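*Asks:* Residues are numbered in the working numbering as their position in the sequence shown, beginning at 1, plus a constant of 518.
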Amino acid sequence: MSFIKKMKGMVIITHIEDTEAQHLDELDSNPARQKKTKGKTKRTKAPPTTAQPLQDSLADLTEEARTAPKKELHYKKKPTCLDNAIFNEKLRIIYVVILCLLIGLMVPYILSWHYRNLPPPPDKNYCGLNISYRMECLPGTINMSLSVCYQANCCYDDSSTDPYAPKCFHTIPSQYGYFVYNSSEGGDVIITPVRQSRTPEPILYSLERTSFTLDLLPINRTTPTGDMAWPLRVLVQRKGPDMVRIKIWDPMNAQDVEDDFTDDMPSEWKLDVTVSDLGGQFNVSITRNETGEELFNTVFGPLIYSRNYMEITARVSSYHIYGLGQGGNYDLIPNSNERPRWTLFNTDTDDDDDTMSHSSHPFYMNFDGNGSVHGVYLHNSAPLEIGLYPAPAIVFRALGGSLDLRFFAGPTPQDVTRQYTEMVGKPAMPPFWALGYHLCRTTAGITEFDKAFEMMTEKALPYESDCIDARLAFPGSFMPLSPQAEERLQTLQTSGRRFWLVQYPFLEPGSQAYENAKGSDLLLQAESRSGENITVIDYYGQVAKKTVGYPDFINGNIADWMKGLEGISDLYGRSDGILLLKNSPMNQVIPNYTPPVGASLQDACNETHPEFCCPRYDVPFLPTGVSDLNSETICSSLIHQTLEGEARPHIISHNSYGRYHHQRTYEFKESLDTATRPVVLSQSTFAGSGVFGGQFGGNYKPNFVSQQRALTYILQMGLYGVPFTGVPICGSTNDTENFMRAEYCIRGHQMGVFLPFMMNHYEYNHLPRNPTDFTSGFMENVRLFIRLRYMLIPYIYDLFYEAHETGAPVARPLFYEFPQDPDSRGRQSQFMLGKALLVTPVFNKVDESKSVKTKAHFPPGCWYDFYQGTLVSNSREGENLVLPTLLNDMNVHIRGGSIIALQGNLHEDFNTTAEFRQMPLLLMIALTCELKNDTTTTPAAGTSTTEATVSEQVPSVDEDEPLFTASGDFYMDDGMTPLEQNPPYHNLTFEADLTSLTVTRLSANDSTVCGDDPSAAGSNPIGFTSLIDIVQIFGAPRIKNMRVDGQEKNFTQEMSTNAITLHLNYDWCSTNQTIVTWELV
519 MSFIKKMKGM VIITHIEDTE AQHLDELDSN PARQKKTKGK TKRTKAPPTT
569 AQPLQDSLAD LTEEARTAPK KELHYKKKPT CLDNAIFNEK LRIIYVVILC
619 LLIGLMVPYI LSWHYRNLPP PPDKNYCGLN ISYRMECLPG TINMSLSVCY
669 QANCCYDDSS TDPYAPKCFH TIPSQYGYFV YNSSEGGDVI ITPVRQSRTP
719 EPILYSLERT SFTLDLLPIN RTTPTGDMAW PLRVLVQRKG PDMVRIKIWD
769 PMNAQDVEDD FTDDMPSEWK LDVTVSDLGG QFNVSITRNE TGEELFNTVF
819 GPLIYSRNYM EITARVSSYH IYGLGQGGNY DLIPNSNERP RWTLFNTDTD
869 DDDDTMSHSS HPFYMNFDGN GSVHGVYLHN SAPLEIGLYP APAIVFRALG
919 GSLDLRFFAG PTPQDVTRQY TEMVGKPAMP PFWALGYHLC RTTAGITEFD
969 KAFEMMTEKA LPYESDCIDA RLAFPGSFMP LSPQAEERLQ TLQTSGRRFW
1019 LVQYPFLEPG SQAYENAKGS DLLLQAESRS GENITVIDYY GQVAKKTVGY
1069 PDFINGNIAD WMKGLEGISD LYGRSDGILL LKNSPMNQVI PNYTPPVGAS
1119 LQDACNETHP EFCCPRYDVP FLPTGVSDLN SETICSSLIH QTLEGEARPH
1169 IISHNSYGRY HHQRTYEFKE SLDTATRPVV LSQSTFAGSG VFGGQFGGNY
1219 KPNFVSQQRA LTYILQMGLY GVPFTGVPIC GSTNDTENFM RAEYCIRGHQ
1269 MGVFLPFMMN HYEYNHLPRN PTDFTSGFME NVRLFIRLRY MLIPYIYDLF
1319 YEAHETGAPV ARPLFYEFPQ DPDSRGRQSQ FMLGKALLVT PVFNKVDESK
1369 SVKTKAHFPP GCWYDFYQGT LVSNSREGEN LVLPTLLNDM NVHIRGGSII
1419 ALQGNLHEDF NTTAEFRQMP LLLMIALTCE LKNDTTTTPA AGTSTTEATV
1469 SEQVPSVDED EPLFTASGDF YMDDGMTPLE QNPPYHNLTF EADLTSLTVT
1519 RLSANDSTVC GDDPSAAGSN PIGFTSLIDI VQIFGAPRIK NMRVDGQEKN
1569 FTQEMSTNAI TLHLNYDWCS TNQTIVTWEL V
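(1) For Y1184, name the three-state secondary structure that DSSP assigns.
(2) Quick check on this structure: which residue in L979, R936, Y938, F730 has the alpha carbon closest to the alpha carbon of H1425?
(3) Under a three-way DSSP split, which group does P1246 fall into?
(4) For the pair the region 672-686 and the region 720-733, tell me if three or more CB-CB distances fall below 8 Å.
(5) Are P1109 and N1173 closer than 8 Å when you measure CB to CB?
(6) Identify whether F1275 lies in helix, strand or coil by the three-state DSSP scheme.
(7) With a Cβ-Cβ cutoff of 8 Å, do F1210 and V1223 count as a contact?
(8) Given N884, which residues of its chain have a CB within under 8 Å of its CB, disregarding the five upstream and five downstream residues?
(9) Below 8 Å, how does it come out for the region 1290-1310 and the region 1260-1269: are there three or more Cβ pairs, yes or no?
(10) Would you give the residue range spanned by the alpha helix (DSSP H) that F1318 belongs to?
(11) To the nearest angstrom, how far is it from the Cα of F779 to the Cα of T1592?
(12) If you compare alpha carbons, which of Q1436, V1360, F1428 is closest to V1400?
(13) Would you grab the beta carbon distance between F1214 and Q1226 for me? Rounded to a whole angstrom, and I think it's under 8 Å.
(14) Mind checking Q1386: buried by the 16 CB within 10 Å criterion, or exposed?
(15) Spatial neighbours of I1314 within its chain, please: CB distance less than 6 Å, with the 5 preceding and 5 following residues excluded, ordered by chain position.
(16) Would you list the residues sitting across from I1557 in a DSSP beta bridge?
(17) Can you give me the C-alpha to C-alpha distance between Q1120 and S1038, rounded to a whole angstrom?
(18) Buried or exposed: which applies to A1260, given that a residue is buried once 16 or more other Cβ atoms fall within 10 Å of its Cβ?
(19) T792 lies in the beta strand (DSSP E); which residues open and close that run?
(20) Going along the chain, which residues of its own chain have a beta-carbon closer than 8 Å to the beta-carbon of Q1002, five neighbours each way excluded?
(21) To the nearest angstrom, report how far apart E1320 and A1326 are at their CA atoms.
(22) Please state if the CB of N1221 and the CB of M1277 are separated by a distance shorter than 8 Å.
(23) Would you kindly check if the distance between the Cβ of L1420 and the Cβ of M1309 is under 8 Å?
(24) Quick one: give me the first and last residue of the alpha helix (DSSP H) that V934 is part of.
(25) Nearest CA to the CA of P681: which residue from I649, T1293, G889, T1516?
(26) Indicate whether N671 and Q693 have their beta-carbon atoms separated by less than 8 Å.
(27) Quick one, which of W951, H1322, T743 has its alpha-carbon nearest E1498's?
(28) According to DSSP, is A1653 helix, strand or coil?
(29) Quick one: what does DSSP say Y837 is sitting in, helix, strand or coil?
(30) Let me make sure I understand the geometry here. Which of I1170, V1020, N1398 has the alpha-carbon closest to that of R989?
(31) With DSSP as the reference, please indicate the residues paired to K764 in a beta bridge.
(32) Return the first residue and the last residue of the beta strand (DSSP E) that Q1421 is part of.
(33) Return the chain-ordered list of same chain residues with a C-beta closer than 8 Å to the C-beta of V1390, the five sequence neighbours on each side being excluded.
(34) Assuming L821 and G695 make a contact with CB atoms under 8 Å, what is their CB distance in whole Å?
(35) Out of F1275, P1241, T1290, F1428, point me to the one whose CA is closest to C1263's CA.
(36) Looking at the structure shown, is P684 part of a helix, part of a strand, or coil, going by DSSP?
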């Protein structure tokens, strides 16, 4: 059924040129057709019984046709009614008029009979919308009908051939909006006088300096669901030249968490904010000051705000949207044409679920039309649905909090990351040992640890740490270890390895931790309502069929409670790292909303019956994928007691519960040893979690689809300011294809080498996957991969130092480093490790040739094979290649212009980073090269439809970049001391050109860094080598006569690749600089 719309005006067709009928009248020679005439027009009589043939030219006829006798045409003496209707123009007009009158009388009756029970359609004349601009009304309605849609005052159309187009959609402008009725200034601002009513004249409010405030009233008193629309306040603020805030909320029903935004007055700014009142309807627009390009505009969608529901829709600048915590979705860029919807609602769910996840980060980056990038963050931790439209546009639908939007100007991805992390906090610097290889498992006992520990040592497989077992204290936490666990902890740490303590957010009733928390009012509680009386009662959940309670980690007093637990400070102090799991938080009880007859919630809820502890939480809208807000997690109606004594409903802070658990644990661990960096990883995260460590966990199946999703998740977490992120590299659960487990685990270790955090972990009742659980051939391959990981640690550690200073990710999507390369924007199966290394994992099983044809995109520039130095790509515009990859191969390429520091080699045995830190360094140098102008694209590596939306390709390579150059730097400290305490450190820079290499030490040459005896080569107080042993140079021409500080030095140069190898043996503690020179052949 096409959409039906009441129109204010109608175009009526009053005349049709019927030239063909007129021509037939002129050709007709029947006297009966010419008998009646009107007026005195003189007519020429046609020949009697003949009719002229219809022809364009007599010359077109053959001679035979011209001389043939004419056939007479005979007519009836009296024309029929049909003849008159067809050929008599005057009668035809009469018949048409009569027919129109009949239709005019019948159609209104038919329509009124068909639609007599339907509500009237929307008043405004804007339903005839382009499919791309149809913003869904009443999302999630299962049986959408015309009557339901009209009742919501929206448009209806079920005739679209687009399978993703909504049947019910808002008008433009929407029926659900607001108008400005009051305003006030907060600094220098261009603003109009106060208005008391809605008027059609457009009025503009433009932010010129610091802030201004507007009061809004709803156009409709109710929302599409029939709830009362709330009056609103809008606060527009500026913070420095790069950030703008727009906060929309109801001050009479405020549900905000603490306000963390402080404005200031910049001398200039990059973003313009304009609030318009076009047609009397409020909308806001963000534009880039330099180009005037619009980045965010709310005029095309509704603004809805009521109890437990708020919605805002805005057109954005492009389809290239990265971020928004997309759960298990493996698309780095969602396909807007499919109008995807997903939910940010932290639950303990399978990460193959592409609608929800353990973590929520309502932040995204978006490309402008000119290739610049900006960021948007919605400061809201309530359950949140996000949707995209092909306009392109975005919609936020929240179940609490406020619409608190922050905008970051960029204009580069690096700028956006810096601006965002300046607001939510810079990432923590992990200790050096945390970058090694780690093992963990969840088992029924601790004997699996014994086998893994013995075999890893026997087979000389390096690994840094172990959790022994994730269920040493489960489901409770804050409990001392058993004697058996204590014995194994002693064995582990005596070997020089580290211990991860796994903790959960729930407590068992009767335990010391539970009773102390209950006595201090630090447990989450429920409200039992009877009429107007409200009683606060104890709340119980269930995990592993055991009743549990939940600490209120949002309450700042929780730190004192943790310190007061007997033996817990000692346990945390002896733990090297903390893993926080199941802290979404998990709750496996199935709510029962029908307590026994006559029993109140207070009577029914107890330790024996936790299913009765959760009252139904009614909301006007359920986000996609959510059937019950109280399912798989704790109740939305629980109460948090703030330090100020206010009761805050859990729903508005739900997504940040794990983040607060993370913060309190980090602060507690930090207080126990202020001289050592804490390392805490949390399964559940929110904005700002990177300040307190990293993220790990989740249920990933051992298949390549899950592996691709895991990579996308890690890349997104880097954009959110949580770079220290990892996943179980061999999967954590079983899969139907168990015969693929070994191949998948090989590929998982290959990719894991280049991930920020590398841990092998599996879940309870699932197959073990320690390296020692496979064949000897498997272990031989894995040994090389683990050693390569350790070789890369100095480079990765330097990247974490950069992340701590600037917020930059460690593992980066290709677009982050190459924003001007359109073909890099949609790449989700490759990533950059820092600026220098391009990693192309394998996400398919080997074929009959024992290899996989891997599609790879090489952005503009020079790219060398990481292992041999072969030049693979030197395209000016980037190119796509297919890389045949054997099972034991990893596709890694180093970018021309880079110098990175590696350490050790693949052949020497070592156990942990403590031994490894003493091995000398290796410098890998990749020189820039001459670029080719043609672009090579293989059919197997074609771009996706998302990537093809970019209309113009702009090379990412600087046209003036000099040839045969490279540069880099190196940072290293003791790996343990907090950076805020200014630990002693080494800082080197590297510069190379066509004929030389210069290494310079920038850090001070004092005893805290290099020791008292400079002659003791490679030995210094911070426990890290000061020797550079080997230098490898890729991309150089043929050379001769290499010298180090003027002294001739032997070297080798490969004939096929021109790769140069030099044993430099330079100790930067002996001299501040060394210069290597050579001559061209």
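Think of the CB as a built atom: it goes at the ideal place given N, C-alpha and C, for glycine as much as any other residue. Quick caveat, the model's predicted, so the values are computed rather than measured.
*Replies:* In short, the structure shows the following:
(1) Here residue 1184 refers to the residue found at position 666 when the sequence shown is read from its first residue. Three-state DSSP puts Y1184 in a helix.
(2) In the sequence shown, counting from the first residue as 1, residue 1425 sits at position 907. Of the listed residues, the one whose Cα sits closest to H1425 is L979.
(3) Numbered from its first residue, the sequence shown carries residue 1246 at position 728. Strand at P1246.
(4) no
(5) Position 591 of the sequence shown, counted from the first residue, corresponds to residue 1109. Position 655 of the sequence shown, counted from the first residue, corresponds to residue 1173. Not closer than 8 Å, so no.
(6) Position 757 of the sequence shown, counting from 1, holds the residue named residue 1275. F1275: coil per DSSP, three-state reduction.
(7) Locating residue 1210 in the sequence shown gives position 692, counting from the first residue. Locating residue 1223 in the sequence shown gives position 705, counting from the first residue. No, the pair does not count as a contact, with Cβ atoms beyond the cut-off.
(8) Counting from 1 along the sequence shown, the entry for residue 884 is found at position 366. Once the five neighbours on either side are set aside, the close Cβ partners of N884 are L813, V834, S835, S836, H838, I839, Y840, V891, H892, G893, V894.
(9) yes
(10) Position 800 of the sequence shown holds residue 1318. Note, F1318: alpha helix (DSSP H), 1294-1324.
(11) Residue numbering aside, residue 779 sits at position 261 when the sequence shown is read from its first letter. Residue numbering aside, residue 1592 sits at position 1074 when the sequence shown is read from its first letter. Computed Cα separation, rounded: 49 Å.
(12) Position 882 of the sequence shown, counted from the start, is the residue given in the question as residue 1400. The option with the nearest alpha carbon to V1400 is V1360.
(13) Taking the first residue of the sequence shown as position 1, residue 1214 is located at position 696. Taking the first residue of the sequence shown as position 1, residue 1226 is located at position 708. Their Cβ separation, rounded to whole angstroms, is 18 Å, which puts F1214 and Q1226 out of contact at 8 Å.
(14) Here residue 1386 refers to the residue found at position 868 when the sequence shown is read from its first residue. Flag for Q1386 reads exposed.
(15) As a position in the sequence shown, residue 1314 is number 796, starting the count at 1. Answer for I1314: L953, listed in chain order.
(16) Against the sequence shown, residue 1557 aligns to sequence position 1039. In DSSP, I1557 forms a bridge with L1598.
(17) On the sequence shown, position 602 is the one that residue 1120 refers to. On the sequence shown, position 520 is the one that residue 1038 refers to. Answer to the nearest angstrom: the Cα atoms are 21 Å apart.
(18) Here the question's residue 1260 lines up with position 742 in the sequence shown. So A1260 counts as buried.
(19) As a first step, residue 792 is located in the sequence shown; it is residue number 274 there, counting from the start. Here the beta strand (DSSP E) through T792 covers 789-794.
(20) Mapped onto the sequence shown, residue 1002 falls at position 484. Excluding positions up to five away in sequence, the list reads I964.
(21) Taking the first residue of the sequence shown as position 1, residue 1320 is located at position 802. Taking the first residue of the sequence shown as position 1, residue 1326 is located at position 808. If I take the Cα positions, the gap works out to 7 Å.
(22) One-based indexing of the sequence shown puts residue 1277 at position 759. One-based indexing of the sequence shown puts residue 1221 at position 703. Contact flag unset, no.
(23) As a first step, residue 1309 is located in the sequence shown; it is residue number 791 there, counting from the start. As a first step, residue 1420 is located in the sequence shown; it is residue number 902 there, counting from the start. Closer than 8 Å, so yes.
(24) The residue you call residue 934 lines up with position 416 of the sequence shown. 931-942 is the extent of the alpha helix (DSSP H) around V934.
(25) Along the sequence shown, read from residue 1 onward, the residue named residue 681 stands at position 163. P681 has its Cα closest to that of I649, out of I649, T1293, G889, T1516.
(26) By 1-based counting over the sequence shown, the position of residue 671 is 153. By 1-based counting over the sequence shown, the position of residue 693 is 175. Yes, Cβ-Cβ distance for N671 and Q693 is below 8 Å.
(27) Position 980 of the sequence shown, counted from the first residue, corresponds to residue 1498. Closest option to E1498, Cα to Cα, is H1322.
(28) For residue 1653 there is no data in the structure shown, the boundaries of the chain being 519 and 1599.
(29) Counted from its first residue, the sequence shown places residue 837 at position 319. Note: Y837 maps to coil in three-state DSSP.
(30) Stepping through the sequence shown from its first residue, residue 989 is reached at position 471. Cα-wise, what sits closest to R989 is V1020.
(31) Residue mapping note: residue 764 aligns to position 246 of the sequence shown, counting from 1. Strictly speaking, residue 764 in this sequence is Ile, with Lys absent from that position. Paired residue(s): V754, L923.
(32) Within the sequence shown, the letter at position 903 stands for residue 1421. Looking at the DSSP string, the run of the beta strand (DSSP E) that includes Q1421 is 1416-1421.
(33) In the sequence shown, the residue the question calls residue 1390 occupies position 872. Answer for V1390: F1376, W1381, Y1382, D1383, L1399, H1411, listed in chain order.
(34) Sequence index remark: in the sequence shown, residue 821 carries index 303 (1-based). Sequence index remark: in the sequence shown, residue 695 carries index 177 (1-based). Yes, they are in contact, since the Cβ atoms of L821 and G695 sit about 5 Å apart, within 8 Å.
(35) The residue you call residue 1263 lines up with position 745 of the sequence shown. Of the listed residues, the one whose Cα sits closest to C1263 is T1290.
(36) Along the sequence shown, one-based indexing puts residue 684 at 166. Looking at P684 - three-state DSSP - the assignment turns out to be coil, as it is neither helix nor strand.
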